[in-house]
Ligand SMILES: CC(C)(COP(=O)(O)OP(=O)(O)OC[C@H]1O[C@@H](n2cnc3c(N)ncnc32)[C@H](O)[C@@H]1OP(=O)(O)O)[C@@H](O)C(=O)NCCC(=O)NCCS
C-alpha cells in the first residue's frame, strides 16, 4: 500500500492468503474449501462441515463416523466450567458468559499451549463440542432450570436443541438447526475471524484466539445483528406497519437497519437466500408466516431504496429462530456455536504459515511538545 493512503477499517486490503473460504461479493457467492455454500447447505450436516474446515476435504463415510465420534467423545462440560456459568451474576449477557466459559475451558486442558497438528485438532473438536453445552447450560440456568447432559444418540444440531429444550427435537427442527449451523460456520476474514488470526499470529494458544473472537462477534455490527433483527420485527409488530416504520426510522440518516448491508456482499447474501426458505417453512409449520411476511416486506422496501441494501445472514435467521421457540438473547450465541469451527480452522491455517500481524497507523497527533514537570501542569 502506497505511503499515506489509509484503508479505514482495512476495507479492500488483502492481508494474507487462505484456502478456507472465498466470497464473491458482487455475485453473492460463498465457498468453503471450494464448495459452494448452496451445495453444502442442501446436502451436508454440520459434522461434515466440521471435517471439511479442519481437514480441508469432505469426509468419506469412515472419516465422517470418526469426526462424529470425536465430537461426541469431547462432550461433557467440566464441573469448573459449569460452576462458572452457574455463578455468573443474574442478568449477565449470554455472549459474555460464553466468552468467560470458553476461556475457563482452557484451564481444564492439561496442554492448552499444545500447538501441534494433533493438539490443534483436539482443541478445535473440544471447543466445537462444548460450545452448544455452554450456551444451552447458560440458557437453562438463567431460566431457573437445570442444565441437561448431551444425548449420545443425537448429532450435533439435534443435540443442541435437546440441550436447550430438554426434549428431543423433531426431524424438521433438527434439520433447520443443522442448516443454520452449516451456513454460519465460516466466512473468511470477517472481524471475529481476523481477531482470532491476530491472536494466533502471536503464537498464543487456540483458547485465547477463540475467546477474543467471541468478543468481536458480540458487537451489533457483526454477530449481534441477528438479535437486533428480531427486536426490529417485534417493534414493528405487524406487516402493515413496515413501510411507515422504515420511513420514520430513515429520517435519521445515522439509522442502521440490522440484518442489512455487508462489507463484502453488494447483492443478496447467499446464506440469506437459504434462510429465507427456512423462515417461511418454519413459519408455516408453526401456523404463522407473520414474521416471514414482515421480513419479505422489509427486504422489498430496502431493495427499492435509492441506495439499495440487501439482507445478510442475520436477517432471515432471526425469524427462523423465533419460530423455533428460541429467544433473541441466544441468537448471537447460536452464531458462535457454529462459527467456532471456522475460527479454529483459521487459527490452524494462520499458525501453519505464520507472520505476526502488526499494521502501521498514520500518526496525527503533535510531536516534541515542551515537557512540564508535574508541579507545573
Ligand atoms: C455490516 C456493515 C457494518 C458493513 O459496513 P461497511 O462495509 O463499513 O459499510 P458502511 O457502514 O460504510 O455503509 C455503506 C453505506 O451504506 C449504508 N448502510 C450500510 N448498511 C446499512 C444498514 N444496515 N442500514 C442503513 N444504512 C446502511 C451506510 O449508511 C453507508 O451509507 P453512505 O454511503 O450514504 O454513508 C453495515 O452494513 C451495517 O451496519 N449493517 C447492519 C448491521 C448488520 O446487519 N451486521 C451484520 C453483518 S453480517
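In this note's numbering, the protein residues as written are 223 to 599.
The C-beta atom is built at its ideal place from N, Cα and C for all residues, glycine as well.
Relative to the Cα of residue 292, the nearest Cα in the group 561, 337, 352 and 433 belongs to 352. The alpha-carbon of residue 422 is positioned some 23 Å away from that of residue 556.
Residue 478 has its Cβ nearer than 7 Å to a heavy atom of ligand 1. Only residues of its own chain outside the window of five on either side were considered, and among them 346 have a CB closer than 6 Å to the CB of residue 566, listed in chain order.
For residue 294, the uninterrupted alpha helix (DSSP H) segment begins and ends at 283–295. DSSP places residue 252 in the uninterrupted beta strand (DSSP E) bounded by 251–254. Residue 248 counts as exposed, since fewer than 16 other C-beta atoms from the protein chains shown sit within 10 angstroms of its C-beta.
The shortest CA-to-CA distance from residue 363 to any of 309, 384 and 390 is the one to 309. Residues of the same chain with a CB within less than 7 Å of the CB of residue 359, apart from the 5 flanking positions on each side, are 299, 304, 307 and 369 in chain order. At a cut-off of 7 Å, the beta-carbon of residue 357 does not count as near ligand 1: no heavy atom of the ligand is closer than that. The C-alpha of residue 389 lies about 44 Å from the C-alpha of residue 476.
In this structure, the CA atom of residue 228 is about 10 Å from the CA atom of residue 235.
Per the Cβ contact rule, the region 432–447 is not in contact with the region 580–597 (fewer than 3 Cβ pairs under 8 Å).
With a threshold of 7 Å, the Cβ atom of residue 531 counts as near ligand 1, since some heavy atom of the ligand is closer than that. Listed in chain order, the alpha helix (DSSP H) runs fully inside the region 288–353 are 301–308 and 316–328, counting runs of at least 4 residues. Between the beta-carbon of residue 461 and that of residue 545 there is about 15 Å, and that puts the pair past the 8 Å contact cut.
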